[in-house]
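Notes follow once the structure below has been shown.
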Amino acid sequence: MTLESLLAVPGGTADDDARLGVWSIATEGVGDDELEVGRSWLDAGEREQASSYVRAELRRAYEIAHAAARLVVGAATGAEPQDVVWGRHACPGCGEPHGRPRAEGAAVEFSLSHTPGQVLVAVADVPVGVDVERHPDDPVALAKLLHPRETEEIEAAAHGTLDGGRATVRFTRAWARTEAYLKGLGIGLGRDPHLDYLGTDQAAGRRLGEWSVRDVTVPEGYGAALALLR
């Protein structure tokens with residue numbers, strides 16, 4: 536999907552409790568001329584952040600993610616992409632304005648995520664979080680960052696004692712679910728990822744308190760998830 540075609544394709548599927556759109560974008564599908572238009576929508580803070588990325592693939596993914604977010608949020612609120620003004624909700628932990636991102640004066644919630652090669656954006660009527668991750672080289676070492684049960688599942692898959700998915704796939708699945716949930720909460724990694732079990736299996740979805748967490752279909756080599764407040 537390209538930026539040009541983004542609004543022509545329905546985002547995600549209908550949701551029982553919230554108007555929800557989810558868009559997955561392969562960064563290689565966005566042409567240079569198209570990206571140049573997207574860059575013109577970014578504000579000074581976004582341009583500064585983009586320029587801080589040394590690796591071109593990271594910078595490109597960031598720019599596409601923010602341009603896409605401006606496009607879909609603008610469409611949802613009747614604003615031109617360049618006129619969307621970003622802000623922050625209050626942090627649920629300390630009350631300071633560094634929680635979930637928001638669009639000033641808009642009644643929609645959004646979330647975005649980017650990794651080299653892939654971007655994910657969601658817009659909803661309720662708090663939402665998304666995350667997309669590329670498969671890591673050493674999932675067993677990284678598994679220790681997750682809930683102890685998830686760590687055990689990933690280690691078992693690596694040793695061939697657990698069916699249902701390679702260790703790499705299981706790690707990416709669990710990490711994306713965790714990140715999406717924490718981003719939805721608006722606290723990010725300010726909350727210890729060891730605390731919440733979201734699993735490494737292929738479950739269609741999980742409930743964690745008032746939140747529903749489910750996987751999002753992305754190209755092979757990546758894992759992605761969405762968390763939605765119910």
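Just so we're aligned, residue 536 is where the sequence shown starts under this note's numbering, counting upward by one.
Cβ atoms here follow ideal geometry from the backbone N, Cα and C, with glycine treated the same way.
Going by C-alpha to C-alpha distance, which of the options sits closest to residue i?
i	options	result
Val-667	Ala-642, Ala-561, Val-643, Leu-538	Ala-561
Ala-760	Thr-537, Val-557, Ser-540, Leu-541	Val-557
Phe-706	Ala-610, Pro-632, Val-607, Leu-677	Leu-677
Gly-622	Gly-613, Cys-629, Val-643, Arg-684	Val-643
Gly-725	Leu-541, Gly-628, Val-620	Gly-628
Leu-720	Ser-586, Gly-630, Leu-541	Gly-630
Pro-651	Tyr-588, Ala-579, Val-663	Tyr-588
Gly-734	Arg-749, Gly-744, Ala-596, Pro-636	Arg-749
Gly-771	Gln-584, Val-619, Tyr-597, Gln-653	Since the first and last residues shown for the chain are 536 and 765, residue 771 lies out of range.
Helix or strand or just coil, what does DSSP make of residue i?
i	result
Pro-674	helix
Pro-616	helix
Thr-696	coil
Ser-648	strand
Gly-573	helix
Arg-605	helix
Leu-538	coil
Asp-568	helix
Val-622	Correcting the residue type first, residue 622 is Gly in the shown sequence and not Val. It is a strand residue.
Leu-655	strand
Pro-683	helix
Give the straight-line distance between the Cα atoms of residue i and residue j, rounded to the nearest whole angstrom.
i	j	result
Ile-689	Ala-738	15 Å
Ala-715	Asp-568	31 Å
Pro-675	Gly-613	The sequence given here has Val at residue 675, not Pro. Computed Cα separation, rounded: 46 Å.
Arg-741	Arg-765	12 Å
Arg-669	Glu-615	31 Å
Trp-774	Cys-626	Because the chain in this structure spans residues 536 to 765, residue 774 falls outside the shown range and cannot be described.
Ends of the beta strand (DSSP E) at residue i?
i	result
Leu-743	741-743
Val-704	Run containing Val-704: none in the beta strand (DSSP E); it sits in the alpha helix (DSSP H), 702-720.
Glu-668	663-669
Ala-760	757-764
Ala-579	No beta strand (DSSP E) holds Ala-579; the alpha helix (DSSP H) holding it covers 579-586.
Leu-555	555-561
Val-748	746-750
Starting from the C-beta of residue i, find all residues in its chain whose C-beta is less than 6 Å away, skip the five residues before and the five after it, and write them out in chain order.
i	result
Val-665	Ser-646, Ser-648, Leu-655, Ala-657, Ala-715, Leu-761
Ala-611	Val-643, Val-658
Arg-595	Thr-562
Ala-693	Val-675, Ala-702
His-624	Gly-634, Arg-635, Arg-637, Gly-721
Leaving out the 5 sequence neighbours to the left and right, which residues in its chain are closer than 8 Å to residue i when beta-carbon positions are compared?
i	result
Leu-538	Ile-560, Val-565, Glu-569, Leu-570, Val-572, Gly-573, Ile-599, Ala-602, Ala-603, Leu-606
Within a Cβ cutoff of 7 Å, which residues of the same chain sit near residue i, ignoring the five residues on either side of it in sequence?
i	result
Asp-731	His-682, Thr-713, Tyr-716, Leu-743
Could you tell me whether the Cβ of residue i comes closer than 8 Å to any Cβ of chain C?
i	result
Trp-576	Annotation note: the requested chain C is absent from the structure, which comprises a single protein chain.
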